[in-house]
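Trainee: Heads up: the sequence shown begins at 456 in the working numbering, then just goes up one per residue. Glycine residues also receive a C-beta, built at the ideal position from the N, C-alpha and C atoms. Predicted model only: the values in this text are computed from it and were never measured. Shown below is the structure under consideration.
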Amino acid sequence: MRATAAVLLVLCLLTLSHAWDCQPVVDIKNLMQIDAGLGQVVATNTSQFPYYLVGDKWISLPGSLKHITVGPAGIWGVNKADSIYKYVAGNWVQAAGLLKQLDAGGDQFVVGANMNDTPYCLTSSATVGYKGPGSPIPWTGLPGAVKYYSCGPFGCWAVNKNDDIYLMSLNQDCQNNGWSRIDGKLSMIEVATDGSVFGVNSAGQVYTRDGITASKPQGTGWSNIPMCMQMKHVTYDLGRLWVISKSGFTMVCTH
Ligand SMILES: *[C@@H]1O[C@H](CO)[C@@H](O)[C@H](O)[C@H]1NC(C)=O
């Protein structure tokens, strides 16, 4: 079985001759979700084990998490009960609240979505100093309903339960001017530290948003990034596009 899978993967990669060159990430299997930011890469596998990439080795982090994120606000995660944790001195300390997904890619603030798809934001003053129960944790509820939420330097992008795409400008104090609808449909979306945006639709196709700048945060349109398999998750940082296939392969692509 493993040999067949490896052959299929090689055939799949060979058939692609596009702008992005993808290589299998052989050291890790069955990833659920991955997040790259500020030069660091973290991931969880389908058994909810968290990982941190060092060299080409995936180092196990303590604890059990279904979603992990790294960015200017530090390393944060949520477990299967939606409890929220921050990585402090090699261990997870709990932060009050419940979220099913969260993102540390904003300007030192954290955003996330709870089980009812209500979006929340935690100010930079709260995230940076958070060192465990006892530190203030003033979650700010935001308007709208989103199932997946991610931030970068030019704004926060989210998708709702119908895979509709939205953009919000959010500052370090969680102040915002509400959501703007963006064309297209995606089931997950990630904003990179450099502001570029990548997502996956329900058919497993990967897209990136073109033309994003500080003065035009909504960009100009979507471009498909051809992949030889259906993907379930994507993240991008410093020239590397990390993709996880629906079948559980992880690839890293450059162009
Ligand atoms: C997830 O990682 C743990 C720890 O390395 C491992 O024991 C487990 O088998 C992995 N789960 C899957 C589905 O590969």
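#1: How many angstroms separate the CA atom of Gly654 from the CA atom of Val661?
#2: Give me every residue whose Cβ sits closer than 6 Å to any heavy atom of ligand 1, in chain order.
#3: Alpha carbon to alpha carbon, how far is Leu520 from Ala544?
#4: Over what stretch of residues does the beta strand (DSSP E) that includes Gly654 continue unbroken?
#5: For Lys640, list the residues DSSP reports as bridge partners.
#6: DSSP three-state call for Gly703: helix, strand or coil?
#7: Is Cys467 helix, strand or coil when you go by DSSP?
#8: If we ignore side chains and look at the alpha-carbon of each, how far apart do Asn546 and Thr501 end up?
#9: So Thr499 is in the alpha helix (DSSP H); what residue range does that whole segment cover?
#10: Would DSSP call Gly584 helix, strand or coil?
#11: Should Ser678 and Asp665 be called a contact, given that it needs their Cβ atoms to be closer than 7 Å?
#12: Identify which residue in Val583, Leu508, Cys576 and Leu553 has its Cα closest to the Cα of Ser605.
#13: Which class does Ser678 belong to by DSSP, given the choice of helix, strand or coil?
#14: So, helix, strand or coil for Ser579, using DSSP?
#15: Alpha carbons only, please: which of Gln630, Lys640 and Gly610 is nearest the one belonging to Val646?
#16: What does Pro598 pair with, by DSSP beta-bridge criteria?
Mentor: From the atom records:
#1: Counting from 1 along the sequence shown, the entry for residue 654 is found at position 199. Counting from 1 along the sequence shown, the entry for residue 661 is found at position 206. Their Cα atoms are separated by approximately 6 Å.
#2: Lys484, Asn485, Asn500, Thr501, Ser502, Phe504 and Ser515
#3: As a first step, residue 520 is located in the sequence shown; it is residue number 65 there, counting from the start. As a first step, residue 544 is located in the sequence shown; it is residue number 89 there, counting from the start. About 17 Å.
#4: Your numbering for residue 654 matches position 199 in the sequence shown. It spans Val652 to Val655 - the beta strand (DSSP E) in which Gly654 sits, taken as one unbroken run.
#5: One-based indexing of the sequence shown puts residue 640 at position 185. Answer by DSSP bridge pairing, in chain order: Asp619.
#6: Against the sequence shown, residue 703 aligns to sequence position 248. If DSSP states are grouped into helix, strand and coil, Gly703 belongs with coil.
#7: Along the sequence shown, one-based indexing puts residue 467 at 12. Three-state result, Cys467: helix.
#8: As a first step, residue 546 must be located in the sequence shown, where it is residue number 91. As a first step, residue 501 must be located in the sequence shown, where it is residue number 46. Each residue's Cα considered, the two are about 21 Å apart.
#9: By 1-based counting over the sequence shown, the position of residue 499 is 44. No alpha helix (DSSP H) contains Thr499, which is instead part of the beta strand (DSSP E) from Gln495 to Asn500.
#10: Reading the sequence shown from its first residue, position 129 is the one you call residue 584. If DSSP states are grouped into helix, strand and coil, Gly584 belongs with the helices.
#11: Locating residue 678 in the sequence shown gives position 223, where the first residue counts as 1. Locating residue 665 in the sequence shown gives position 210, where the first residue counts as 1. Cβ distance < 7 Å, so Ser678 and Asp665 count as in contact.
#12: Looking up residue 605 in the sequence shown gives position 150. Nearest of Val583, Leu508, Cys576 and Leu553 to Ser605, Cα basis: Cys576.
#13: Working through the sequence shown from its first residue, we reach residue 678 at position 223. In this structure, Ser678 counts as strand in the three-state DSSP scheme.
#14: Indexing the sequence shown from 1 puts residue 579 at position 124. DSSP places Ser579 in helix when its eight states are reduced to three.
#15: Along the sequence shown, read from residue 1 onward, the residue named residue 646 stands at position 191. Nearest C-alpha to Val646: Gly610.
#16: Within the sequence shown, numbered from 1, the residue matching residue 598 stands at position 143. The partner list for Pro598 (beta bridge, DSSP) is empty, contrary to what the question assumes.
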